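Visitor: Numbering (the UniProt record's numbering), first residue to last: 1 to 350. This is the structure I have questions about; it appears just below.
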């Protein structure tokens, strides 16, 4: 009874439960393995990121050290070059003084002191000083007495007499006047460029306003000369391109500001081509409608055409920055054809 009735029913259920338990254990092990694998992957990624950051930091430190080393070497080279230049200048100055001293000792010396003594090869056993420009010798005490009391002590190694000082001062004043004239001339040229740019910007903006609406002009009053000039030139160029794109007529290229003459300003203008239609005959006859059957002729009409029509001209910028307006001539309307009254109907044949 047990073998025949109970076991056949119990064994399949037991096997199904055992199989289910094995599947649950396998699933649990698989989940645990996947979690372990994910943790290992995360750990490997963290290590890789840490290693990458370490390499980047090492490279940055090496680059910083290299820049510091190059900067230090440049500074040392510059200091060495400056020191060599100073030493060379000192040696040349010493040689120059020694040469002039030997020359004065070997040649005749012009003595012309402010105290009134003058002559050649005079030696009254008093300290003397010579002019570095004209080699005139004077008494040192006389020259010191001639200097103002509040004036700093002069450098006797580079002493110049009164006459030579006056010549050098006049030369410096002349050079200063030349520099001032050049500066004023440059300022005038810069003002002419700015006025040209401002006028052209206003004209181009007004021309663009007619088609695209409002156009903003940049304010350059708070900029310095070079910055305001560059900003205004850039703004004018943008407006120039916008007007050229919005217009069907080609626009002449802008001339470089450096090529403009100092006393004349030339404003680039757009070409204003005009075209006319080919002349047409004063009148033309329409073809006859119908063959004139039934005793009546065909229909015909005469149409008058305008001789020519003028196309509207494009707006142009004149050389005086005044917009050129051209009148638009509307083409003449084509009159309607006047047809003659229809002929009477033919008589009926009865």
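For glycine and all other residues, C-beta sits at the position ideal for the given N, C-alpha and C. Bear in mind that the values here come from a model prediction, so they are computed numbers and not experimental data.
By a C-beta neighbour count over all protein chains shown, 10 Å radius and 16 as the cutoff for buried, is residue 354 buried or exposed?
Guide: Lying before the first or after the last residue shown, residue 354 is absent from the chain, which here runs from 1 to 350.
Visitor: Can you find at least 3 beta carbon pairs, one from the segment 158-171 and one from the segment 125-137, that sit closer than 8 angstroms?
Guide: Verdict: yes, contact present.
Visitor: Using 8 angstroms for Cβ pairs, my map puts residue 140 next to residue 148. What's the rounded Cβ distance?
Guide: Actually they are not in contact, since the Cβ atoms of residue 140 and residue 148 sit about 17 angstroms apart, beyond 8 angstroms.
Visitor: Any idea if residue 115 is buried or exposed, counting beta-carbon neighbours within 10 angstroms, 16 or more meaning buried?
Guide: Answer is exposed; the Cβ neighbour count stays below 16.
Visitor: According to DSSP, is residue 117 part of a helix, a strand, or is it coil?
Guide: Note: residue 117 maps to coil in three-state DSSP.
Visitor: Count the other CB atoms, across all protein chains shown, that sit within 10 Å of the CB of residue 130; report buried if there are 16 or more and exposed otherwise.
Guide: With 16 or more other Cβ atoms within 10 Å, it is buried.
Visitor: May I ask which residues mark the beginning and end of the alpha helix (DSSP H) holding residue 143?
Guide: Run containing residue 143: 140-146, per the alpha helix (DSSP H) assignment.
Visitor: Whose C-alpha, out of 132, 95 and 23, is nearest the C-alpha of residue 158?
Guide: Residue 158 has its Cα closest to that of 132, out of 132, 95 and 23.
Visitor: What three-state label does DSSP hand residue 112 in the structure shown?
Guide: Three-state DSSP puts residue 112 in a strand.
Visitor: Using alpha carbons as the reference points, say which of 84, 60, 144 and 86 lies closest to residue 113.
Guide: For residue 113, the nearest C-alpha among the options comes from 144.
Visitor: Just mark residue 308 as buried or exposed, buried being the case when its beta carbon has 16 or more other beta carbons within 10 Å.
Guide: For residue 308, the predicted structure reports a pLDDT of 43, less than 50, and the residue's modelled location is therefore unreliable. A value from the coordinates is still provided. Exposed is the call here.
Visitor: According to DSSP, which residues form a beta bridge with residue 137?
Guide: Partner(s): 111 and 130.
Visitor: Work out the CA separation of residue 51 and residue 190 for me, nearest whole Å.
Guide: Spanning the two alpha carbons is a distance of roughly 59 angstroms.
Visitor: Taking just the CA atoms, how far does residue 61 sit from residue 67?
Guide: Their backbone Cα atoms lie some 10 angstroms apart in a straight line.
Visitor: In three-state terms, what does DSSP make of residue 164?
Guide: DSSP places residue 164 in helix when its eight states are reduced to three.
Visitor: Do you know offhand how far residue 11's Cα is from residue 42's?
Guide: Rounded to whole angstroms, residue 11 to residue 42 spans 47 angstroms at the Cα level.
Visitor: Report the rounded CA-to-CA distance for residue 194 versus residue 181, giving the unit in angstroms.
Guide: Rounded to whole angstroms, residue 194 to residue 181 spans 20 angstroms at the Cα level.
Visitor: Mapping the DSSP letters down to three states, classify residue 4 as helix, strand or coil.
Guide: In the structure shown, residue 4 sits in a helix (DSSP, three-state: H, G or I).
Visitor: Helix, strand or coil for residue 151, going by three-state DSSP, please let me know.
Guide: If DSSP states are grouped into helix, strand and coil, residue 151 belongs with coil.
Visitor: DSSP three-state call for residue 159: helix, strand or coil?
Guide: Residue 159: coil per DSSP, three-state reduction.
Visitor: Any idea what DSSP makes of residue 175, helix, strand or coil?
Guide: DSSP places residue 175 in helix when its eight states are reduced to three.
Visitor: Under the three-state reduction of DSSP, which class applies to residue 40: helix, strand or coil?
Guide: The answer is helix: DSSP assigns residue 40 an H, G or I state.
Visitor: Output the distance between the C-alpha atoms of residue 9 and residue 18, rounded to the nearest integer angstrom.
Guide: For residue 9 and residue 18, the distance between alpha carbons rounds to 15 angstroms.
Visitor: In whole angstroms, give me the CA-to-CA distance for residue 54 and residue 93.
Guide: Residue 54 and residue 93: Cα-Cα distance of roughly 58 angstroms.
Visitor: Once DSSP output is grouped into helix, strand and coil, what is the label at residue 125?
Guide: The answer is coil: DSSP assigns residue 125 none of H, G, I, E or B.
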